[in-house]
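Asks: Be aware that the sequence shown starts at 4, since it is given in the numbering used here, and climbs by one per residue.
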Amino acid sequence: FSASSLPLGLTIDPLSGIVTGTVDPSAVTGGPYTVSITATDPSGARVTQTFIWTVASPDLSITVDDNNVTVQPDGVVIYTLDYANHSSAPASGIVITQEIPPQTTFDSANSSPGWTNNGDETWSLTVPNLAAWGQGSVQFAVKLDPEVAAGLETIATTGTIQDDGTHGVDLVPGNNSGNEDTPVEAQPDYSVTISSSPSASPSSISSIEHAVSIEGDACRVRVRVAHRSKLRCEQSPDRRQIPCTQRGLC
């Protein structure tokens, strides 16, 4: 017996015609294989049988989902990481690695157990082996800092999955990562400036105007100005310019 185009790692016994061996993990990249087995009798007569041999290997994928939340400072985001093996070959030694978004910290209380800090703004989790067409799900949670940078609108994270390569090279490496952007609803960053006119002593004038200016992205901000003059209060039509001329609060 003889054979041609066998996947790497396999051989044929010339006497029995039995094909044995362990398919090399790299063989997945060379397939499918058109294998020909030839049998020759003592008289020299031959017969050949040809068939297609496909070497399967794992095809892992992962998605990251924040469950459509909007996070506020000091709030928690719980990401759901769904992973799967889209192949008839099993996968072993599977590790998921997840990034920590900027201005957040890892929240172990709301995460699946077993996450390990890699020391480089990522955390890793070893998950059970996946059989053919197997799947699973884990949680990874982070807490947004109580105070965040001005203008922060989203936090982003990326998760990746890989196995140990025992059962071959991943068929579709493009789906070995997933990412998610989570909206941030931060408090407005603004400042208040109060200026008075005229500059004379309150006892010698009939009115004092306090101009209150609000700067920044302030939405529905209420400003109270207290003073001790016994004058009436008038509010400017411009809500961001509040002249106050009455004792008390305006």
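Every residue, glycine too, gets a C-beta built ideally from N, C-alpha and C.
When you measure from the CB of PRO149 to every non-hydrogen atom of the ligand HEM, does any distance come out below 7 Å?
Replies: Ligands in the displayed structure: none, and consequently the ligand HEM is not present.
Asks: For LYS233, is the classification buried or exposed, using 16 other Cβ atoms within 10 angstroms of its Cβ as the cut-off for buried?
Replies: Reading the sequence shown from its first residue, position 230 is the one you call residue 233. Any reading at LYS233 must be qualified, since the residue scores a pLDDT of 48, below 50, and its modelled position is unreliable; no value is offered.
Asks: What is the rounded straight-line gap between the Cα of LEU174 and the Cα of SER19?
Replies: For this step, residue 174 is matched to residue 171 along the sequence shown. For this step, residue 19 is matched to residue 16 along the sequence shown. Cα-Cα distance, rounded: 34 Å.
Asks: With DSSP run on the structure shown, which of helix, strand or coil describes GLY24?
Replies: Position 21 of the sequence shown holds residue 24. The answer is strand: DSSP assigns GLY24 an E or B state.
Asks: Which class does SER1 belong to by DSSP, given the choice of helix, strand or coil?
Replies: This structure cannot speak to residue 1, because the chain is shown only from 4 to 253.
Asks: Three-state secondary structure (DSSP) at PRO186?
Replies: The residue you call residue 186 lines up with position 183 of the sequence shown. Looking at PRO186 - three-state DSSP - the assignment turns out to be strand.
Asks: Can you confirm whether the stretch 148–168 touches the stretch 72–79 when touching is taken to mean that 3 or more C-beta pairs between the two stretches lie within less than 8 Å?
Replies: The answer is yes - the stretch 148–168 touches the stretch 72–79, with three or more Cβ pairs under 8 Å.
Asks: Can you name the start and end residues of the beta strand (DSSP E) that GLU102 belongs to?
Replies: As a position in the sequence shown, residue 102 is number 99, starting the count at 1. Counting along the chain, the beta strand (DSSP E) containing GLU102 begins and ends at 97–102.
Asks: With DSSP run on the structure shown, which of helix, strand or coil describes VAL111?
Replies: Walking along the sequence shown from the start, residue 111 turns up at place 108. Just to set this straight, residue 111 is Ser in the shown sequence, not Val. It is helical.
Asks: Could you give the uninterrupted runs of the beta strand (DSSP E) lying entirely in the stretch 118–168, keeping only those of 3 residues or more?
Replies: Fully enclosed beta strand (DSSP E) runs of 3 or longer: 125–130, 138–147 and 157–165.
Asks: Which residues in the same chain have their Cβ closer than 8 Å to the Cβ of LEU155, if we skip the five residues on either side of it in sequence?
Replies: Within the sequence shown, the letter at position 152 stands for residue 155. Counting only Cβ-Cβ distances below 8 Å, and skipping sequence neighbours, we find GLN106, VAL187 and ALA189.
Asks: So, with DSSP's three-state summary, where would you put THR32?
Replies: Start at 1 with the first residue of the sequence shown, and residue 32 comes out as number 29. Helix.
Asks: List the whole-angstrom C-beta distance separating ALA144 from TYR82, where the pair is believed to meet the contact cut-off of C-beta under 8 Å.
Replies: What you label residue 144 is simply residue 141 of the sequence shown in a count that begins at 1. What you label residue 82 is simply residue 79 of the sequence shown in a count that begins at 1. The Cβ separation is near 7 Å, so the contact holds.
Asks: Hey, how far is the Cα of THR157 from the Cα of THR169?
Replies: As a position in the sequence shown, residue 157 is number 154, starting the count at 1. As a position in the sequence shown, residue 169 is number 166, starting the count at 1. If I take the Cα positions, the gap works out to 39 Å.
Asks: Could you tell me which residues DSSP puts in a beta bridge with VAL67?
Replies: Translated into positions along the sequence shown, residue 67 becomes position 64. Paired residue(s): LEU84.
Asks: Would the stretch 51–71 count as touching the stretch 25–37 if we require 3 or more Cβ pairs under 8 Å?
Replies: Touching, per the Cβ criterion.
Asks: Considering only the beta carbon of each residue, do THR163 and ILE65 sit closer than 8 Å?
Replies: In the sequence shown, residue 163 corresponds to position 160, counting from 1. In the sequence shown, residue 65 corresponds to position 62, counting from 1. Cβ atoms of THR163 and ILE65: closer than 8 Å.
Asks: Look at the alpha carbon of GLY12 and the alpha carbon of VAL98, and state the distance between them as a whole number of angstroms.
Replies: By one-based count along the sequence shown, residue 12 stands at place 9. By one-based count along the sequence shown, residue 98 stands at place 95. So the two alpha carbons sit approximately 27 Å from each other.
Asks: Once DSSP output is grouped into helix, strand and coil, what is the label at GLY181?
Replies: Looking up residue 181 in the sequence shown gives position 178. It is a strand residue.
Asks: For THR37 and VAL72, what's the separation of their Cα atoms in angstroms?
Replies: By 1-based counting over the sequence shown, the position of residue 37 is 34. By 1-based counting over the sequence shown, the position of residue 72 is 69. Answer to the nearest angstrom: the Cα atoms are 52 Å apart.
Asks: Let me make sure I understand the geometry here. Which of PHE54, GLY96, ASP44 and ASP69 has the alpha-carbon closest to that of ASN113?
Replies: Walking along the sequence shown from the start, residue 113 turns up at place 110. The candidate whose alpha carbon is nearest that of ASN113 is ASP69.
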